[in-house]
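Same order as they appear, the protein sequences are chains A, B and C. Residue numbering for the first sequence is 46 to 472, as defined by the working numbering. Residue numbering for the second sequence is 127 to 487, as defined by the working numbering. Residue numbering for the third sequence is 685 to 842, as defined by the working numbering.
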Amino acid sequence: MSQIIRHCLPLIAAMALLAPVRARAQTAPAANACLTCHATQADTRLATPARLFSGTDVHRERGFACADCHGGDPAAGDKARAHDAAKGFKGAPKGQAQIATCARCHSDADLMRRFAPKQRVDQAAEYATSVHGKQLAAGHGDVATCASCHGPHGIRLVRDAKSPVFPTNVAATCATCHADPRHMAGYTLPGGAPLPTSQLADYTKSVHYAALTKGNDLSAPTCNDCHGNHGATPPGVGAVANVCGTCHAVFATKFQTSVHAQIFDKACVECHGNHAVLKPSDAMLGAAGHAVCATCHSGADDKGAMAADAMHGQFTQLEAGIKRSGALIGRVKNAGIEVSDQELALREAATKLTLARTEMHAFDPARVAPIIAEGTKIVASVDAAGQSGAAELRFRRSGLAISLGAILLFVVALGLKLRQIERRSHH
Amino acid sequence: MVKGVVDWVDARLDLSDIKHFVAEKGVPIHTQEVWYYLGGMTMFLFGVQVFTGILLLLYYRPSSAEAYESVQFIVTQVKFGWLIRNVHSWSANLLIALAFAHFFSVFFLKSYRTPRELTWLTGILLLFLMLGFGFSGYLLPWNELSFFATKVGTGSAGAVPVVGHFMLRLLRSGDDVTGATLSRFYGLHVAILPAITTALVAAHLLFVQRQGMSVPLSIERAQKAGTRGPLQQMKFFPNYILRDVLAWYVVLAVVAALAAFYPWELGAKADPFAVVPPGIRPEWYFLAVFYTLKLIPSHVMGLEGEQLGVVAFGIVAIVLVLVPFLDRRASRGERSPVFTVLAALGLVYLVVFTIIGHYAR
Amino acid sequence: MIAPDPIPVRAGAAFDRRGFLDALLAVGFVSTAVAIAYPVSQFLIPPASGEPATASAGAGKAAALPPNSAHIFKFGSRPGIVVRTAEGDVRAFSAVCTHLDCTVQYKPDTAQLWCACHNGTYDLGGNVVSGPPPRALEQFVVNLRGDAGDEEIVVSRA
């Protein structure tokens, strides 16, 4: 107690001269006795907030202090007066109180305009529509609130790479609750099944995760890109294709024209999964046992199975053709024939294959066939060029064989001449 | 017509000395005379290399960004570029093979004995120069194989004690094999080595012409003992010369056949940051040495294995240079079985280790 | 006149053996000389494509490229696209889409480069505007070479 007084005494004099700051951070910064006491506490629950707030914190850097969220008297030197409820002290706000504390500023457009004019001011309203918001309203206090994702103290801007809501960190942040079976116990899916906790494990296997973390592509989706930020809710029935389609527009358009669009309420997720979205391959297509189509389609009289098989066959045939042609061109190039035109043409053939794989999402072989046909034509012309390249190599060889003949002719003639000279010189 | 030209030059420059020399010069005829042609064949191939090399020079670009592409350009775009390049590559290999054959025939026949020590000296230096040509030229296409083979080869240079690191830096023009190495090897291959070689070939030829062809020891001894009379001579001009030309045309036919039926590949462009492909090895003429160095354990009696190997090969090279001065018996005209055995051992070692090195994984 | 040394010719031989051999030798020598000289002389003639297309490539005539249009050209073994903007500026990019290597095309209505495979769109600075491409298109340096009115577009790596 005497410690506190000794530490706080010199500040009391200073504080007497300075006015406490609320939402007027552009004037002289206020004295913050809260930090001074809390920083020296042995209990980490009290000391950590002070430490974090004293480091990189977006609010502190703009002149805000503890009392702006927690209330109380920042100038007071002792706990009783500092924590005075009459001065508005509310302790550590939780649940709806926390939302209200943050929203007091962040839903105030006039206020936010003075600090971050472009920032949105509807986060709290959006939150109310989210699963988290609805559960909180229903009385479940352990759902995520503002501080759960952004942190209560030491809050960093979203574009700060160390922020828990920076794109590469979002999945881990969500997983602090969603991957914990104990935390998620009791919550269920709409159908009644228990809420899974495997999303993070699945997501780390996906191409999206690889693109984000290894490909340095910050536009790759993480949890909030499909589920929403503050209005976090899984995309509903009929909405999945739209959500995937925000980036994969071409596939979504083709899918919407297909027979599957009417049947699959989970759209893209039916075949590609929701979190463990793996790199797709031609093996997914077809009526063979391991193919995704075989989950529903099988049998000789199943039109879907036949269509899947037809398209699979077309893809494998064109891919094999491109590879074979590439090998022929490579051999001929290695032996010294100019093949850059053919290499360019093979690129076009590969482009056709990519286009065909896109078209496949309309699930109609008749639409895929013409694209494949164009690709096959290109491969055929490259093959022809490759064959003529090989023929040129054979022609060169025969040309050299003729030169060889000339040389050998000369050698024989010279040998005979030598014999003649030597026979003559013996006379 | 040829006579007319000769007379015209003679009237102006007095070729009487040369004419006399050529008219008098003879080449001894005996059972071992077939080895005489190897030296000329080697020289012919060197001429082919200079000729095709100069042609390639017109299009080749010695920078790491363009070397591979320029070779590709020569082989695919330049008319008959593929032919010139293939002849250059094959003739290089044949040249070294013939140089070794010439070296071994001289070694076995002991032609190095007095008074031909200087001919041997220039010859052994020429052999090393040919190996230098092979090593420096191999890097120039800047493909994967040649890049890594150079890395390994120059790395071995670093194993020489005391001066090794300096030598490595000197060869590589830096610590690693880079475009700087390519530039340096190019300078070596087209300017420095050819200049030294020209001087040495001129000297070598001069000595051979002045001293005439050496005759096998057994014949020389028999002649001294009186059991054999003077050897029949064939005229240098035109008989020997025509035979020489015949041999050269045969070599040309072999090179043309190889270029036609086993064209040299372009390979993939060198990527300095790629992993060394497994089983990388140098060209066949370095295989024996390379494989021997690989076989030596990493530490032998407290010394670094590779260092020991490199020093050993260095000693062998010095001994080879000094052979005429070490083989006192041959210089005196006596039988010298020790050196015959050494030559045989050397040949067997090279052949066996080249074969093993080729098939070893 | 002293008769020359008789060359042993078989009685009744219809041809002059020595002359035949000399002729054979001459033919052999000339044919080998030609077999060497012809390729060498052809080798010396500079090929039509000029020089290896590592650092630069031709991209057609400037006059053949009207404003707000583009065409594909070959840069080594990869496609490039040369664009003349509506203002008359000539720009060149790699035509290889950074997403899955499809060849991009120019859309005159939006003045953007577009990839038909997955709808990737780039602006005329090569930067990604929308769609899956992760990186911008490589931009090349453009120069015009030749007589005024008949310039050739020469594209080089930056």
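Even glycine gets a Cβ: it sits at the ideal position worked out from N, Cα and C.
Would you mind reading off the limits of the beta strand (DSSP E) that contains residue i?
i	result
Arg455(B)	Counting along the chain, Arg455(B) falls outside any beta strand (DSSP E), though it belongs to the alpha helix (DSSP H) covering 454 to 457.
Phe824(C)	823 to 829
Glu460(B)	From DSSP, Glu460(B) is part of no beta strand (DSSP E); its letter is neither H nor E.
Gly152(B)	152 to 154
Ile837(C)	836 to 840
Val812(C)	812 to 814
What first and last residue would you give for the alpha helix (DSSP H) that runs through residue i?
i	result
Tyr806(C)	Careful: Tyr806(C) lies outside any alpha helix (DSSP H), inside the beta strand (DSSP E) at 804 to 806.
Ser490(A)	The structure shown has nothing for residue 490(A), since chain A only spans 46 to 472.
Glu171(A)	168 to 174
Ser193(A)	191 to 195
Val215(A)	212 to 223
Val131(B)	128 to 139
Ser309(B)	305 to 313
Thr103(A)	Checking the sequence shown, residue 103(A) turns out to be Val, not Thr. Segment 103 to 106, the alpha helix (DSSP H) holding Val103(A).
Asp113(A)	111 to 115
Arg126(A)	124 to 127
Ala414(B)	410 to 421
Leu245(A)	244 to 248
Met229(A)	226 to 229
His84(A)	It should be noted that the sequence gives Ala, not His, for residue 84(A). Unbroken alpha helix (DSSP H) run through Ala84(A): 78 to 84.
Assuming residue i and residue j make a contact with CB atoms under 8 Å, what is their CB distance in whole Å?
i	j	result
Leu308(B)	Leu265(B)	6 Å
Arg829(C)	Glu822(C)	The Cβ separation is near 21 Å, so there is no contact.
Leu319(B)	Phe259(B)	6 Å
Gly703(C)	Ala458(A)	At roughly 13 Å, the Cβ-Cβ gap does not stay under 8 Å, so Gly703(C) and Ala458(A) are not in contact.
Leu177(A)	Ala277(A)	Correcting the residue type first, residue 177(A) is His in the shown sequence and not Leu. 6 Å between Cβ atoms; contact.
Leu247(B)	Val447(B)	7 Å
Ala286(A)	Ala312(A)	4 Å
Glu192(B)	Pro736(C)	6 Å
Ile322(B)	Leu255(B)	6 Å
Ile729(C)	Lys205(B)	6 Å
Tyr790(C)	Ala754(C)	4 Å
Cys79(A)	Cys114(A)	That belief does not hold up - the Cβ atoms of Cys79(A) and Cys114(A) are roughly 11 Å apart, past 8 Å.
Legend entry - Residues of the region 347 to 369 of chain A with Cβ closer than 7 Å to any Cβ of chain C, in chain order: Within the region 347 to 369 of chain A, contact with chain C at the beta-carbon level (separation under 7 Å) is assigned to no residue.
Inset, instruction - Specify whether the region 236 to 243 of chain A and the region 128 to 135 of chain A touch according to this definition: at least 3 beta carbon pairs, one from each stretch, less than 8 Å apart. - result: These segments do not touch.
Legend entry - Secondary structure, beta strand (DSSP E): runs of 3+ residues fully inside the region 162 to 225 of chain B: The qualifying runs do not exist here; there are none.
Legend entry - Complete runs of the alpha helix (DSSP H) confined to the region 353 to 418 of chain A [at least 4 residues]: Fully enclosed alpha helix (DSSP H) runs of 4 or longer: 385 to 404.
Legend entry - In chain order, each alpha helix (DSSP H) run of at least 4 residues that lies wholly inside the region 239 to 294 of chain B: When DSSP assignments are scanned along the region 239 to 294 of chain B, the uninterrupted stretches of alpha helix (DSSP H) that are 4 or more residues long and fall wholly within it turn out to be 243 to 265, 270 to 283.
Inset, instruction - Return the chain-ordered ranges of every alpha helix (DSSP H) run that is complete within the region 727 to 806 of chain C and spans a minimum of 4 residues. - result: Runs of the alpha helix (DSSP H) inside the region 727 to 806 of chain C: none found.
Inset, instruction - May I ask you to list, following chain order, the residues of the region 422 to 449 of chain A that have a beta carbon less than 9 Å from some beta carbon of chain B? - result: Answer in chain order: Leu438, Arg441, Arg442, Ser443, Gly444, Leu445, Ala446, Ser448, Leu449.
Inset, instruction - Could you name the residues of the region 193 to 204 of chain B whose beta carbon sits closer than 8 Å to any beta carbon of chain C, in the order they occur along the chain? - result: The region 193 to 204 of chain B vs chain C, Cβ under 8 Å: Glu195, Ser196, Gln198, Phe199, Gln203, Val204.
Inset, instruction - Please name the residues in the region 362 to 388 of chain B whose beta-carbon is closer than 8 Å to at least one beta-carbon of chain A, in chain order. - result: Listed in sequence order: Pro364, Asn365, Leu368, Arg369, Val371, Leu372, Tyr375, Val376, Leu378, Ala379, Ala382, Ala383, Ala385, Ala386, Phe387.
Inset, instruction - List in chain order: all unbroken alpha helix (DSSP H) runs of 4+ residues lying wholly within the region 321 to 405 of chain B. - result: Correct list: 343 to 351, 367 to 387.
Legend entry - Residues from the region 302 to 333 of chain A in contact with chain C, defined by Cβ distance under 7 Å: Going along the region 302 to 333 of chain A in chain order, one finds no residue with a Cβ nearer than 7 Å to chain C.
Inset, instruction - Using a Cβ-Cβ cut-off of less than 9 Å, list which residues of the region 262 to 293 of chain A approach chain C; keep chain order. - result: Going along the region 262 to 293 of chain A in chain order, one finds Asp262, Ser264, Ala265, Cys292, His293 with a Cβ nearer than 9 Å to chain C.
Inset, instruction - Return the residues of the region 754 to 769 of chain C that lie within a Cβ-Cβ distance of less than 8 Å from chain A, sorted by chain order. - result: For the region 754 to 769 of chain C, the residues whose beta carbon sits under 8 Å from a beta carbon of chain A are, in order, Lys758, Gly760, Ser761, Arg762, Pro763.
Inset, instruction - Check distances from the C-beta atoms of the region 803 to 823 of chain C to those of chain A and list, in chain order, the residues that come in under 8 Å. - result: When C-beta distances to chain A are compared with 8 Å, the residues of the region 803 to 823 of chain C below that value are Asn803, Gly815, Pro816, Pro818, in chain order.
Legend entry - At least 3 beta-carbon pairs within less than 8 Å: the region 232 to 243 of chain B vs the region 268 to 276 of chain B: Contact between the region 232 to 243 of chain B and the region 268 to 276 of chain B is absent, because fewer than three Cβ pairs lie under 8 Å.
Legend entry - chain B contacts from the region 374 to 385 of chain A (Cβ-Cβ distance under 9 Å): Within the region 374 to 385 of chain A, the residues whose Cβ lies closer than 9 Å to some Cβ of chain B are Lys378, Asn379, Ala380, Gly381, Ile382, Glu383, Val384, Ser385, listed in chain order.
Legend entry - Ordered list of alpha helix (DSSP H) runs contained in the region 258 to 313 of chain A, each at least 4 residues: Runs found: 268 to 272, 285 to 290, 294 to 301, 305 to 308.
Legend entry - the region 210 to 220 of chain B touching the region 732 to 744 of chain C, judged by at least three CB pairs closer than 8 Å: The region 210 to 220 of chain B is not in contact with the region 732 to 744 of chain C.
Inset, instruction - Taking 8 Å as the threshold, find out whether the region 438 to 450 of chain A comes into contact with the region 401 to 414 of chain A through three or more Cβ pairs. - result: Segments in contact, no.
Inset, instruction - Would you be able to state if there are at least three C-beta pairs under 8 Å between the region 319 to 330 of chain A and the region 241 to 250 of chain A? - result: Yes, since at least three Cβ pairs between the region 241 to 250 of chain A and the region 319 to 330 of chain A fall closer than 8 Å, the two stretches touch.
Inset, instruction - Mind checking the region 158 to 186 of chain A against chain C and listing, in chain order, the residues whose C-beta falls within less than 9 Å of any C-beta there? - result: Interface annotation for the region 158 to 186 of chain A against chain C: empty, criterion Cβ-Cβ distance under 9 Å.
Inset, instruction - Give a yes or no on contact between the region 353 to 361 of chain B and the region 171 to 183 of chain B, applying the rule of three or more CB pairs nearer than 8 Å. - result: The region 353 to 361 of chain B and the region 171 to 183 of chain B do not touch, with fewer than 3 CB-CB distances between them shorter than 8 Å.
Inset, instruction - With 7 Å as the limit, tell me which residues of the region 713 to 739 of chain C have their beta carbon closer than that to any beta carbon of chain A; keep them in chain order. - result: Answer in chain order: Phe713, Ser715, Thr716, Ala719.
Legend entry - Against chain C: residues of the region 252 to 282 of chain B by CB proximity under 8 Å: Of all residues in the region 252 to 282 of chain B, none has a Cβ within less than 8 Å of some Cβ in chain C.
Legend entry - alpha helix (DSSP H) runs wholly inside the region 129 to 156 of chain A, at least 4 long, in chain order: Counting only runs that start and end inside the region 129 to 156 of chain A, the alpha helix (DSSP H) elements of at least 4 residues fall at 140 to 151.
Legend entry - Contact the region 215 to 228 of chain A vs the region 261 to 275 of chain A: 3+ CB pairs below 8 Å: Output reads yes: the region 261 to 275 of chain A touches the region 215 to 228 of chain A.
Legend entry - Near-chain C residues of the region 389 to 403 of chain A - C-beta to any C-beta below 8 Å: Along the region 389 to 403 of chain A, going in chain order, the ones with a CB nearer than 8 Å to a CB of chain C are Leu389, Arg392, Glu393, Ala395, Thr396, Thr399, Leu400, Thr403.
Legend entry - Three or more C-beta pairs below 8 Å linking the region 424 to 431 of chain A and the region 391 to 410 of chain A: Put simply, the region 424 to 431 of chain A touches the region 391 to 410 of chain A. At least three CB pairs are less than 8 Å apart.
Legend entry - Meets three-Cβ-pair contact criterion under 8 Å: the region 779 to 794 of chain C and the region 393 to 407 of chain A: Yes, since at least three Cβ pairs between the region 779 to 794 of chain C and the region 393 to 407 of chain A fall closer than 8 Å, the two stretches touch.
Legend entry - Cβ-based contacts, 8 Å cut-off: residues of the region 770 to 786 of chain C near chain A: Contacts with chain A (Cβ-Cβ distance below 8 Å) from the region 770 to 786 of chain C involve Val780, Leu784, Asp785, Cys786, listed in chain order.
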